[in-house]
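Asks: So the sequence shown is numbered by the working numbering: it starts at 9 and just counts up by one. C-beta: ideal position from N, C-alpha, C; glycine also. All values reported here derive from a predicted model rather than from experimental measurement. The structure's right below; bear with me while I get my questions together.
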Amino acid sequence: LQNVTKDVTKWRLDDAGRKQKFHGHKITQQQEHEETSARDIPDSNGGEPHSTDLTPQNSRAFHAAHHRAMVDFYAPWCIWCQRLAPAWERFAMEVKEKRIDLGVGRVDCVAHQQMCKDERVMAFPTLRWMEDGKAVMPDYRGDRTAEGLVEYAERRVNDGKGGRNDNDDNNKNNRALTINEWDEEHHPGCQVSGYLMVNRVPGNMHVEAKSSHHEINSAMTNLTHRVNHLSFGPPRAPNYNFLALFGDALPSTYRHSNPMKGRLYPTEEYHTAFHHHMKIVSSRADYLPSSSSSSSSSSVVYQILEESQVVAYEVQEIPEIKFLWDMSPMSVSLEKEGRRWYEYVTNLLAIIGGTYTTLGLINATLLKLFKPKRL
């Protein structure tokens with residue numbers, strides 16, 4: 009097995025495609041979960057849950073009654089949501105007991121898919137602070153324990169009572185943002201770069217959204233991507249011209265070492281992703297210096313014939329980008345034939361002799377035509 013993350017790095021990008029934050033080779037977010045069950049929570053609400061189950065019918069009234077609210081967007085099948093449920097109920101109970109000015113609710117994203125789509129819920133569970141029914145970003149990413157949630161809620165409520173200026177740039181993340189305002193800033197893209205060691209056999213590589221503490225919402229997965237560089241061969245700089253070694257021997261029309269460079273592959277609909285099928289053709293030039301340490305081997309460049317298509321997934325499946333390649337049994341071989349010095353001399357003498365003979369024929373013809381006739 010190969011550790012594919014060893015030589016692969018990830019950068020966070022903003023809406024303009026600029027690098028913002030280095031995510032390293034492999035970063036696992038550490039979160040503490042509360043190991044409790046519903047039986048451990050005292051029944052102090054007459055058997056009714058302490059958190060409010062929000063629906064399209066009562067959501068507006070809930071936010072009208074609670075200036076500040078914290079909402080859990082969950083899916084019943086999500087294992088992380090199931091682990092959070094007892095802690096969330098205990099959190100709602102302690103909010104009432106401590107008289108914290110905060111509403112606590114939750115939304116079933118399976119039963120009310122449109123509500124979660126309107127809120128751009130990307131993963132389950134999503135714990136979101138809301139003010140007057142609008143999201144306040146970023147989402148909560150702390151410990152999923154009742155103590156951690158209560159501490160976070162008390163701090164946010166006290167900050168709001170402190171009379172902070174929402175227009176202050178230092179506090180811009182603490183103000184209520186609309187969906188359009190926070191979408192690009194808090195749901196950025198990423199750039200993945202690196203190289204993998206693969207055998208010269210058919211293979212594939214998959215790219216998908218995944219989290220160690222969330223279940224991805226397949227309904228909101230957007231796999232629009234741009235391929236800046238993809239090539240086969242020894243690892244080199246991204247701007248390295250693989251086929252420059254071949255000079256003019258290989259026409260530019262047939263140079264395909266990186267045919268996907270700079271191409272954008274947008275997904276216009278949900279539950280779709282691009283699959284890239286590639287045929288790898290090796291091109292060998294025996295007369296060029298080898299890039300390997302062995303002087304007997306020749307320079308080999310792997311050209312790519314690529315075809316991409318959009319594939320539709322089932323609703324419950326998480327789309328993924330696929331790169332599938334196959335090695336062609338045929339290869340391109342370039343040979344360079346040189347000439348000896350005596351071949352040059354022979355050709356030169358042949359040209360001189362041919363020129364002398366041609367001039368002799370022309371001279372004889374002119375003499376015959378213009379020779380004076382005897383009377």
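May I ask you to list the residues that DSSP assigns as paired with Gln199?
Replies: Its beta-bridge partners are Trp19.
Asks: Check for me: the alpha helix (DSSP H) holding Asp126 runs from which residue to which?
Replies: Where Asp126 is concerned, the enclosing alpha helix (DSSP H) stretches over 121-126.
Asks: For the putative contact between Trp333 and Ile288, defined by C-beta atoms under 8 Å, what is the C-beta separation to the nearest angstrom?
Replies: Trp333 to Ile288, Cβ: 5 Å. Contact.
Asks: Where do the N-terminal and C-terminal ends of the beta strand (DSSP E) with Glu345 fall, by residue?
Replies: Run containing Glu345: none; DSSP gives neither H nor E here.
Asks: At the level of alpha carbons, what is the spacing between Lys142 and Asn166?
Replies: Computed Cα separation, rounded: 19 Å.
Asks: Need the endpoints of the beta strand (DSSP E) that Lys142 sits in, please.
Replies: First-last of the beta strand (DSSP E) with Lys142: 142-144.
Asks: Taking Glu223 and Ala72 to be in contact with their CB atoms under 8 Å, please state how far apart those CB atoms are, rounded to whole angstroms.
Replies: In fact, because the Cβ distance is near 31 Å, the residues do not count as touching under 8 Å.
Asks: Alpha carbon to alpha carbon, how far is Arg347 from Gly361?
Replies: Going by the C-alpha atoms only, they are around 21 Å apart.
Asks: Taking His58 as the reference, which of Gly113, Leu342, His283 has the closest Cα?
Replies: Selected option, being the one with the closest Cα: Gly113.
Asks: Is DSSP giving Val115 helix, strand or coil here?
Replies: DSSP places Val115 in strand when its eight states are reduced to three.
Asks: Taking all protein chains shown into account, decide if Val144 is buried (16 or more other Cβ within 10 angstroms of its Cβ) or exposed.
Replies: Val144 comes out buried.
Asks: Mind the definition here: the segment 362-379 touches the segment 313-325 only if three or more C-beta pairs lie below 8 Å; say whether that holds.
Replies: With the cut-off at 8 Å, the segment 362-379 and the segment 313-325 do not touch.
Asks: Identify, in the order they occur along the chain, each residue of the same chain with its Cβ nearer than 8 Å to the Cβ of Cys117, setting aside the five sequence neighbours on each side.
Replies: So the list reads Phe81, Tyr82, Ala83, Met123, Cys124, Val129, Phe132, Asn225, once near-sequence residues are dropped.
Asks: Flag this pair as yes or no: are the beta carbons of Trp137 and Met78 separated by less than 8 Å?
Replies: Contact flag set, yes.
Asks: Do you know offhand how far Gln28's Cα is from Cys198's?
Replies: So the alpha carbons of these two residues sit roughly 9 Å apart.
Asks: Give the C-beta separation of Arg76 and Gly111 to the nearest angstrom, bearing in mind that I take them to be a contact with Cβ-Cβ under 8 Å.
Replies: That belief holds up - the Cβ atoms of Arg76 and Gly111 are roughly 7 Å apart, short of 8 Å.
Asks: Grab the span of the beta strand (DSSP E) containing Trp137 for me, first residue to last.
Replies: Counting along the chain, the beta strand (DSSP E) containing Trp137 begins and ends at 134-139.
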